[in-house]
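Counting in the working numbering, the sequence shown runs from 14 upward without gaps.
Glycine included, C-beta positions come from ideal geometry on N, C-alpha and C.
Values in this document were obtained by computation on a predicted structure and should not be read as measured data.
Okay, so here's the structure we're looking at.
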Amino acid sequence: MSDAATPRRWEPRWCVISAGGADVDRRGVNGYPARGARTPCDAAFAAHCAKQKRPPQRGNSTPYLGPAFKRRDILAAVKSAGLTARRSKSPARDAADMIADGKIVAWFQGRMEFGPRALGNRSLLADPRRPDMRNILNQKVKHREDFRPFAPSVLAEHADEWFEVGAQSASHEFMLFAYRVKTDRRDLIPAVVHKDGSARVQIVSRKSNPRFYDLISRFFAKTGVPLVVNTSFNDSEPIVCAPTDAIVTFRKSGIDALFMDDVFLTAQA
14 MSDAATPRRW
24 EPRWCVISAG
34 GADVDRRGVN
44 GYPARGARTP
54 CDAAFAAHCA
64 KQKRPPQRGN
74 STPYLGPAFK
84 RRDILAAVKS
94 AGLTARRSKS
104 PARDAADMIA
114 DGKIVAWFQG
124 RMEFGPRALG
134 NRSLLADPRR
144 PDMRNILNQK
154 VKHREDFRPF
164 APSVLAEHAD
174 EWFEVGAQSA
184 SHEFMLFAYR
194 VKTDRRDLIP
204 AVVHKDGSAR
214 VQIVSRKSNP
224 RFYDLISRFF
234 AKTGVPLVVN
244 TSFNDSEPIV
254 CAPTDAIVTF
264 RKSGIDALFM
274 DDVFLTAQA
């Protein structure tokens with residue numbers, strides 16, 4: 014890199030952290046939720062700051078950087094698949110009710126996540142209270158090894174009541190860290206507790222993901238549990254991106270319902 018693109022003036026005062034989505038609150042530099050992005054993104058960031066002759070400033074950290082699809086795209090995909098869609102006046106309420114009734118719900122909303130985790134926009138959601146839910150998801154939906162675990166997505170204001178998360182930061186929104194589940198809570202959410210009593214937690218705030226937050230809030234109001242099982246929306250393939258991908262995965266697996274925006278399909282339809 015040329016001298017003009019090397020931020021030597023600021024090296025003692027700032028750094029870019031991107032492995033695993035960590036952030037640095039003291040210097041106000043957020044990292045990336047995807048490890049594979051670190052080299053090109055960091056290089057471009059360093060060159061940009063050097064060219065602007067100023068140190069980096071803290072920005073809004075979001076993993077929702079992928080494509081989004083309009084309702085007409087969703088309806089076209091449903092029609093092309095030969096299916097009949099229904100409209101929901103309250104997708105979050107209807108999805109939460111299904112999850113509380115033991116159903117597995119595919120939740121396809123807004124822009125796709127960037128990074129290694131599904132964070133509420135391309136997710137499969139289920140009830141964490143059911144001891145058999147991990148086996149159901151692994152065997153009937155994900156078609157993978159029985160020992161594979163699942164993670165909880167929890168409302169930010171209730172996270173420390175259920176998990177030993179410590180001080181919250183933006184990094185907690187990326188589902189990259191495992192924390193101890195409070196001892197008196199473990200039997201209440203067996204589907205997301207690891208053998209050692211930990212869980213890989215995603216903290217969800219209204220600001221970070223309003224639709225997903227609304228769904229979990231409605232599940233909480235119905236069950237008293239402020240979290241849901243959240244795993245990537247896929248079946249032995251990469252996470253779904255477009256409505257056509259979502260429909261293909263929905264039809265070939267044991268998913269009970271698929272919500273795309275306010276359009277939904279059920280396995281019985």
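In whole angstroms, what is the alpha-carbon distance linking residue i and residue j?
i: K235; j: G267; result: 24 Å
i: D110; j: V276; result: 16 Å
i: P141; j: V91; result: 30 Å
i: R85; j: M273; result: 11 Å
i: T196; j: K208; result: 13 Å
i: L150; j: H156; result: 8 Å
i: A63; j: F127; result: 26 Å
i: L88; j: K153; result: 27 Å
DSSP beta-bridge partners for residue i?
i: E126; result: Y77
i: F58; result: Answer is none; F58 lacks a bridge partner.
i: Y192; result: A212
i: V253; result: Partner(s): none; V253 has no beta bridge.
i: L137; result: A119 and T244
i: A272; result: It is worth fixing the name first, because residue 272 is Phe in this sequence and not Ala. According to DSSP, which records beta bridges pairwise, F272 is partnered with W120 and F277.
i: P165; result: V242
When you compare the CB positions of residue i and residue j, do they come within less than 8 Å of one another, or not?
i: F225; j: V238; result: no
i: I112; j: F232; result: yes
i: P68; j: M125; result: no
i: F246; j: S136; result: yes
i: V242; j: L138; result: yes
i: L228; j: A108; result: yes
i: L278; j: A98; result: yes
i: F163; j: T244; result: yes
i: S221; j: E177; result: no
i: A94; j: I260; result: yes
i: G119; j: A270; result: According to the sequence displayed, residue 119 carries Ala and not Gly. Yes; because the gap between Cβ atoms is below 8 Å, this pair is in contact.
Write down the C-beta distance between residue i and residue j rounded to the nearest angstrom, noting that I regard them as a contact closer than 8 Å.
i: P165; j: A105; result: Between A105 and P165 the Cβ distance is about 18 Å, and since that is not below 8 Å, they are no contact.
i: R193; j: G210; result: 6 Å
Below 7 Å, is the gap between the Cβ of residue i and the nearest heavy atom of the ligand NAP?
i: E174; result: Although the ligand NAP was asked about, the structure shown includes no ligands whatsoever.
Under a Cβ-count criterion, where at least 16 other Cβ atoms within 10 Å of its own Cβ denotes burial, should residue i be classed as buried or exposed?
i: Q65; result: exposed
i: F160; result: exposed
i: Q215; result: buried
i: N43; result: For N43, the pLDDT reaches just 49, beneath the cut-off of 50, and the residue's location in the model is therefore unreliable, although a value from the coordinates is still provided. Counting Cβ neighbours within 10 Å, N43 comes out buried, since at least 16 surround it.
i: D145; result: exposed
Quick one: does residue i have its CB under 8 Å from some CB of chain B?
i: V118; result: As a matter of chain content, chain B is missing from the structure shown, which is built from one protein chain.
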